[in-house]
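Chains as they are written, first to last, in the working numbering: chain A, 1 to 86; chain B, 87 to 172; chain C, 173 to 322; chain D, 323 to 472.
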């Protein structure tokens, strides 16, 4: 997807990992920041109508976040299941 | 020191290690079991007249022992300072 | 040093090279380390292979933060963390955490601390290819939870 | 396996060979190990060399007992304990304790347990050759106490 600088400034990059990536059928998308204050709002929008029953963790700019953590245009947010490395 | 089987049967083998070996000037000796009931008795006899101020640990047949632990002819007892390996 | 690698690694070789290169001869009295290795069995099923996914960028950032935290809590000389990603086979090392310090208390505690934080928070996910007992067909499944470390 | 040895040893080489020889591929998910190494400094003095004395017979017996106790307390697959005796130089490994298990909790706890018991009870004694600051003459002294592990 090619974006102008102005368009990028108005969007939030959203990443999905592991089982959540497979469930939502998406690795990564750009969404408009319109009407989004918290990462909880982002999750509401992207998961709307999907049947997500598992536990979902949030991150903003590669740091763990809570549902009420604020997001702004240009942020990279991610949603993923509990981690299982090591 | 060469011993007959009968002599050996009446003795206790005493070992000393580390700083205690140096202090007493002896690695190993055989002593008569006469009048010795506990390892504390053995220590009394072998340290009599020596100025041992440090902490001394006891073992009988290569297992830790207390002053009141019983000894008998044929036993191997040892005296040594707190351990510092590893 | 923190390394995320796609190729198999030998923990003993990595420890040996790193220890030589760190040039701390005579300074360190203690090295505690842990290697996590892929088993061929999980939850009663035979595991044939595994894919380890991660979140590039956040992984390195998070591991850096754990190591920094350990360095603030304990007196450490050097740390080494290696984590494998991509396709793995049974017996492949998955993770290595090593800590060098003057005295053993710091190395023991910091290595376990880093490992536990990594297991519970670093963004890695395992997907196993398993054959259940009594069935021949292989299936893939995401590992849902790590075993407890305490 | 328990080894008391008079020659220098390479812990990474020992770990590598032992792990290969134990033939537990796919079974072990965890290996935690600790190496204690001779430092060139102790209590503010430069340490030039060290002699490690032990009680032959009791050492092996005591270490065997520690390992047995660890195997009763935790679920372990294999253990390796190596301890150096005789003349050592700074940077020489002194002791290696390694534990293999299915899961990490057992390996972490058992390796520390074995190491702490070894430090506080196994019959080894260190005598250091030191040069104090401001003096050239070397002197020998028995190490009187180990540093605390907890």
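Built from N, CA and C at the ideal position, the CB exists for glycine as well.
Distance between residue j and residue i (C-alpha atoms, nearest Å)
i: residue 115 of chain C; j: residue 348 of chain D; result: Examination of residue 115 of chain C is not possible in this model, given that chain C is present from 173 through 322 alone.
i: residue 447 of chain D; j: residue 419 of chain D; result: 18 angstroms
i: residue 70 of chain A; j: residue 388 of chain D; result: 54 angstroms
i: residue 186 of chain C; j: residue 415 of chain D; result: 17 angstroms
i: residue 131 of chain B; j: residue 366 of chain D; result: 39 angstroms
i: residue 29 of chain A; j: residue 228 of chain C; result: 16 angstroms
i: residue 395 of chain D; j: residue 437 of chain D; result: 15 angstroms
i: residue 258 of chain C; j: residue 59 of chain A; result: 22 angstroms
i: residue 256 of chain C; j: residue 49 of chain A; result: 36 angstroms
i: residue 129 of chain B; j: residue 112 of chain B; result: 14 angstroms
i: residue 95 of chain B; j: residue 460 of chain D; result: 46 angstroms
i: residue 108 of chain B; j: residue 470 of chain D; result: 26 angstroms
i: residue 332 of chain D; j: residue 346 of chain D; result: 22 angstroms
i: residue 322 of chain C; j: residue 47 of chain A; result: 35 angstroms
i: residue 417 of chain D; j: residue 137 of chain B; result: 34 angstroms
i: residue 141 of chain B; j: residue 421 of chain D; result: 33 angstroms
Selection from the options that minimises the alpha carbon distance to residue i
i: residue 220 of chain C; options: C:278, C:277, C:263 and C:280; result: C:263
i: residue 211 of chain C; options: D:363, D:359 and D:353; result: D:353
i: residue 359 of chain D; options: D:471, D:368, D:410 and D:424; result: D:410
i: residue 167 of chain B; options: B:161, B:121, B:150 and B:116; result: B:150
i: residue 177 of chain C; options: C:215, C:188 and C:223; result: C:223
i: residue 275 of chain C; options: C:189, C:200 and C:179; result: C:200
i: residue 53 of chain A; options: A:11, A:35, A:60 and A:24; result: A:24
i: residue 376 of chain D; options: D:432, D:449, D:364 and D:461; result: D:449
i: residue 340 of chain D; options: D:415, D:401 and D:383; result: D:401
i: residue 193 of chain C; options: C:236, C:173, C:181 and C:182; result: C:173
i: residue 171 of chain B; options: D:332, D:345, D:329 and D:466; result: D:466
i: residue 103 of chain B; options: B:161, B:143 and B:135; result: B:143
i: residue 301 of chain C; options: C:218, C:318 and C:182; result: C:218
i: residue 233 of chain C; options: C:182, C:293, C:314 and C:213; result: C:293
i: residue 399 of chain D; options: D:417, D:460 and D:390; result: D:390
i: residue 175 of chain C; options: C:236, C:213 and C:214; result: C:236
i: residue 464 of chain D; options: D:345, D:364, D:332 and D:472; result: D:364
7 angstroms Cβ cutoff met for residue i and residue j
i: residue 439 of chain D; j: residue 397 of chain D; result: no
i: residue 77 of chain A; j: residue 14 of chain A; result: yes
i: residue 433 of chain D; j: residue 356 of chain D; result: yes
i: residue 242 of chain C; j: residue 285 of chain C; result: yes
i: residue 33 of chain A; j: residue 73 of chain A; result: yes
i: residue 231 of chain C; j: residue 180 of chain C; result: no
i: residue 184 of chain C; j: residue 453 of chain D; result: no
i: residue 75 of chain A; j: residue 61 of chain A; result: yes
i: residue 106 of chain B; j: residue 165 of chain B; result: yes
i: residue 117 of chain B; j: residue 98 of chain B; result: yes
i: residue 462 of chain D; j: residue 441 of chain D; result: no
Beta-bridge partners of residue i, as assigned by DSSP
i: residue 76 of chain A; result: A:13
i: residue 433 of chain D; result: DSSP, once it has assigned bridges, lists no residue as partnering residue 433 of chain D.
i: residue 256 of chain C; result: C:177
i: residue 424 of chain D; result: Answer is none; residue 424 of chain D lacks a bridge partner.
i: residue 222 of chain C; result: C:260 and C:300
i: residue 468 of chain D; result: Paired residue(s): none; residue 468 of chain D is not in a bridge.
i: residue 208 of chain C; result: C:267 and D:352
i: residue 250 of chain C; result: C:272
i: residue 213 of chain C; result: C:218
i: residue 311 of chain C; result: C:302
i: residue 70 of chain A; result: A:38
Contact test: residue i Cβ vs the ligand MG heavy atom, cutoff 6 angstroms
i: residue 74 of chain A; result: This structure lacks the ligand MG, and indeed carries no ligand of any kind.
Which runs of the alpha helix (DSSP H), 4 residues or longer, sit entirely within the segment 20–68 of chain A? 39–47
Entirely enclosed beta strand (DSSP E) segments - the segment 173–204 of chain C, minimum 3 residues: 174–177
Members of the segment 392–414 of chain D near chain F, C-beta cut-off 7 angstroms: The displayed structure is made up of protein chains A, B, C and D, and chain F is not among them.
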